[in-house]
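Asks: Take a look at the following structure, please.
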Amino acid sequence: MNKPHSNHISIPGELRTFFGKPGGRSLLVKGGAGSGKTTMALQLLEDLGDPNKSIYLSSRVSDEALFRQFPWLEKEEMKNRIIDSSRVLLQSLVSDEDEDDLPDSETVERLSKAKDFLRSVSEEPLAPPTKVERTRLTVLLERNRMPEIERIYDRVEANLPDKSMIIIDSVEGVTNKYSLENEELVTCIQKDLVEGSNADVVFVLENKEATNLEYLVDGVVKHTFESRDGRRVRNIHIEKLRGTKILQPSYLVTLDNGRFNTFDPFKIYLGDIKPWSTLPDKNGHYSTGTKDLDALLGGGYTAGSYNVIEVDENVSNEEYHSIVVPVLLNFIAQDKGIFAVLSGGDHAETLKKDLEKFLPEGQFENYVRIADYFTTKSDSPYIMALGTRNKDDALRTWKSNVEYLRGSDNKPIMDFTGFDTLEYLRGGEVAIQHLLDAVAKIKISRDLGIGILKPGLRLTQEIMNMADTYLKIITIDRCPCIYGVKPKTIIYGIVNDLEKGTPNIKLIPII
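What follows is the structure in structure tokens.
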């Protein structure tokens, strides 16, 4: 039995696997300003680093500035990991006498090459180090003392034989301070700490590209952001992870609440089937069945409104249903009827199967009527056979079913229409007239109208103009997303609601 699983995660599985392997690993994180590099680095430290054996070296902002931007860092277990290189330089860690005893650069280089050779020919992994490697660091210290880097080496050594995790944010911040080339610092850390001392190191780069550094490290991740209909979207692209399968090379990212989170592909896990928990209609609104979507719409769908959901061409039925199924369930669960013309690719039997498992027995058949324009007769009470050539017969069937759904109390109903089916059956002009008639009736009766738009329809603009609300479902990096065109909103990632279980969802702001 599968348990509900959220597709909303902090660190992609590939990176967790990468850093979970034996020995040290190095990761280069690059991207433009504001793309989320620092937030990701801090999330890596919290999720994957041992609190007592991880270090964050900040060379761009003070720790006070970090705490203001990321309040969650002030937890004691996180504060102890921060080394702020903008503070007064740390007291020298090596005495003058020690410096006099350091080997010259030629000896250091020879020792380094010998160790690299031994690693390359050894069939067995080397024993865990008990002392930190300082071969490359010694060469760099001949030019300048680097107290922050020296302190990192000491802390890594104190942690041995256990593994340390180190974040250097940023490479340029250190190299500019000590007049080094980026390659010199990265090579030094890679050889001494990653390969020689089994430490995990994340290098954060301020530049968007780093072709001269990528071959030096074990992994490369690139941060980007783009515009989707005027809304900013961040992504990370996994370009290289040595020894690790990259199952998904690109992930959608959100920095909501100062946290770095990505999204796995959406998948519905049924697990234990629970009866649908109704969100009651109130204040003249029909609830969508999803608390976050109600909030996005200002309380839900207004009674007497016509509302459109556009479904992008790369959105799967499963992703599209994640939004639609709660809307339908919540309406039916309150004993309100639905009159439906399904979109192409949707089938009456499939919809019944998807919904009735969350409803009391017989409730679906009592409150749902699905138009079928291709059959003249049906034994299923929820299917309206409208395939007759006699228009008067079809109209009588339609009216009798609407009256049945309203009942003696003349209750409001939902007009749920897939406009691709309507346009295919009747043509664009007739479909537009149907929409005009539907909108007029809905306004008077305080019914609820929901129209589904698929790609390639000729009447898209006309429908958009008539709609009271207009939502769009898209897929970004295999994650379904939704945003409002009317009202205009940011993009939200659609994820499983772990507390309520399937088919409940949550909307996560993409920030």
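First residue of the sequence shown? That's 955 in this note's numbering, and the numbers climb one at a time after it.
Yeah, the Cβ is synthetic: ideal placement off N, Cα and C, and Gly gets one too.
Please return the same chain residues whose Cβ sits closer than 6 angstroms to the Cβ of residue 1246, not counting the five positions on each side in sequence.
Replies: Cβ within range, chain order: 1460, 1461.
Asks: Which of the three DSSP states is assigned to residue 1401 in this structure?
Replies: Reduced to three states, the DSSP call for residue 1401 is coil.
Asks: Starting from the C-beta of residue 1244, find all residues in its chain whose C-beta is less than 6 angstroms away, skip the five residues before and the five after it, and write them out in chain order.
Replies: 1280, 1459.
Asks: Tell me, please, which residues DSSP counts as bridged to residue 1180.
Replies: Answer by DSSP bridge pairing, in chain order: 1187.
Asks: My understanding is that residue 1424 touches residue 1436, with C-beta atoms under 8 angstroms, so please give their C-beta distance in whole angstroms.
Replies: That pair is no contact at about 11 angstroms.
Asks: Kindly confirm or deny that the stretch 1002-1015 and the stretch 1213-1228 touch, where touching means at least three C-beta pairs closer than 8 angstroms.
Replies: Touching, no, given that fewer than three Cβ pairs across the two stretches are closer than 8 angstroms.
Asks: Spatial neighbours of residue 1386 within its chain, please: CB distance less than 7 angstroms, with the 5 preceding and 5 following residues excluded, ordered by chain position.
Replies: For residue 1386, where only same-chain residues beyond five positions count, the Cβ hits under 7 angstroms are 1413, 1416.
Asks: Quickly, what does DSSP pair residue 992 with across the bridge? List them, please.
Replies: DSSP, once it has assigned bridges, lists no residue as partnering residue 992.
Asks: Could you pull the start and end residues of the alpha helix (DSSP H) that residue 1091 belongs to?
Replies: Residues 1089-1095.
Asks: Take residue 1125 as the anchor and find which of 1352, 1119, 1113, 1140 has the nearest alpha-carbon.
Replies: Out of 1352, 1119, 1113, 1140, 1140 has the C-alpha closest to the C-alpha of residue 1125.
Asks: If you reduce the DSSP assignment to three classes, tell me which class residue 1105 lands in.
Replies: Looking at residue 1105 - three-state DSSP - the assignment turns out to be helix.
Asks: Do the stretch 1167-1182 and the stretch 1191-1199 touch if we need at least three Cβ pairs shorter than 8 angstroms?
Replies: Yes, they touch.
Asks: Where do the N-terminal and C-terminal ends of the beta strand (DSSP E) with residue 1429 fall, by residue?
Replies: From DSSP, the beta strand (DSSP E) with residue 1429 extends over 1423-1430.
Asks: Is it true that the stretch 1140-1150 meets the stretch 1080-1099, where meeting means three or more beta-carbon pairs spaced less than 8 angstroms apart?
Replies: Contact holds: three or more Cβ-Cβ distances are below 8 angstroms.
Asks: My parser needs the alpha helix (DSSP H) runs of 4 or more residues fully inside the stretch 1214-1257; what are they?
Replies: The qualifying runs are 1245-1250.
Asks: With three or more beta-carbon pairs closer than 8 angstroms as the criterion, would you say the stretch 1359-1374 touches the stretch 1289-1302?
Replies: Segments in contact, yes.
Asks: Taking a contact to mean a Cβ-Cβ separation below 8 angstroms, would you say residue 1110 touches residue 995 in this structure?
Replies: Not closer than 8 angstroms, so no.
Asks: Mapping DSSP to helix, strand and coil, what is residue 1207?
Replies: In the structure shown, residue 1207 sits in a strand (DSSP, three-state: E or B).
Asks: Measuring alpha carbon to alpha carbon, tell me which residue in 1181, 1323, 1353, 1373 is nearest residue 1404.
Replies: Checking every option, the nearest Cα to that of residue 1404 belongs to 1373.
Asks: Does the separation of the CB atoms of residue 1188 and residue 1167 fall below 8 angstroms?
Replies: Contact flag unset, no.
Asks: Starting from the N-terminal side, write out each stretch of the beta strand (DSSP E) that is 3 residues or longer and does not extend beyond the stretch 1125-1153.
Replies: As far as the stretch 1125-1153 is concerned, it has no whole beta strand (DSSP E) run of at least 3 residues.
Asks: Does the distance from the C-beta atom of residue 1122 to that of residue 1158 stay below 8 angstroms?
Replies: Yes.
Asks: Counting only runs of 4+ residues fully inside the stretch 1284-1346, write out the alpha helix (DSSP H) ranges in chain order.
Replies: Taking only runs of at least 4 residues, the alpha helix (DSSP H) segments lying wholly in the stretch 1284-1346 are 1302-1310, 1317-1321.
Asks: With a threshold of 16 other CB atoms inside 10 Å of the CB of residue 1354, please say whether the residue is buried or exposed.
Replies: Label assigned to residue 1354: exposed.
Asks: Would you check if the distance between the CB atom of residue 1106 and the CB atom of residue 1009 is smaller than 8 angstroms?
Replies: Yes, Cβ-Cβ distance for residue 1106 and residue 1009 is below 8 angstroms.
Asks: Using the three-state DSSP reduction, which class does residue 1042 fall into: helix, strand or coil?
Replies: Residue placement at residue 1042 cannot be trusted, given a pLDDT of 29 that sits under 50; what the coordinates show is reported in the next sentence. In the structure shown, residue 1042 sits in coil (DSSP, three-state: anything other than H, G, I, E or B).
Asks: First and last residue of the alpha helix (DSSP H) that includes residue 965?
Replies: Careful: residue 965 lies outside any alpha helix (DSSP H) and carries neither H nor E.
Asks: Quick check on DSSP: helix, strand or coil for residue 1419?
Replies: Looking at residue 1419 - three-state DSSP - the assignment turns out to be helix.
Asks: Any idea what DSSP makes of residue 1164, helix, strand or coil?
Replies: Coil.
Asks: Under 8 angstroms, do residue 1391 and residue 1367 count as touching if we go by C-beta distance?
Replies: No, they are not a contact pair.
Asks: Helix, strand or coil: how does DSSP classify residue 1353 here?
Replies: DSSP places residue 1353 in helix when its eight states are reduced to three.
Asks: Output the distance between the C-alpha atoms of residue 1325 and residue 1242, rounded to the nearest integer angstrom.
Replies: So the alpha carbons of these two residues sit roughly 22 angstroms apart.
Asks: Within a Cβ cutoff of 8 angstroms, which residues of the same chain sit near residue 1278, ignoring the five residues on either side of it in sequence?
Replies: For residue 1278, where only same-chain residues beyond five positions count, the Cβ hits under 8 angstroms are 1263, 1406.
Asks: Output yes or no for whether 8 angstroms exceeds the beta carbon distance between residue 1137 and residue 1095.
Replies: Contact: no.
Asks: Whole-angstrom Cβ separation of residue 1438 and residue 1206, contact assumed at under 8 angstroms?
Replies: Their Cβ separation, rounded to whole angstroms, is 18 angstroms, which puts residue 1438 and residue 1206 out of contact at 8 angstroms.
Asks: Let's test the definition: count the other Cβ atoms within 10 Å of the Cβ of residue 981 and tell me whether it reaches 16, buried, or not, exposed.
Replies: Buried is the call here.
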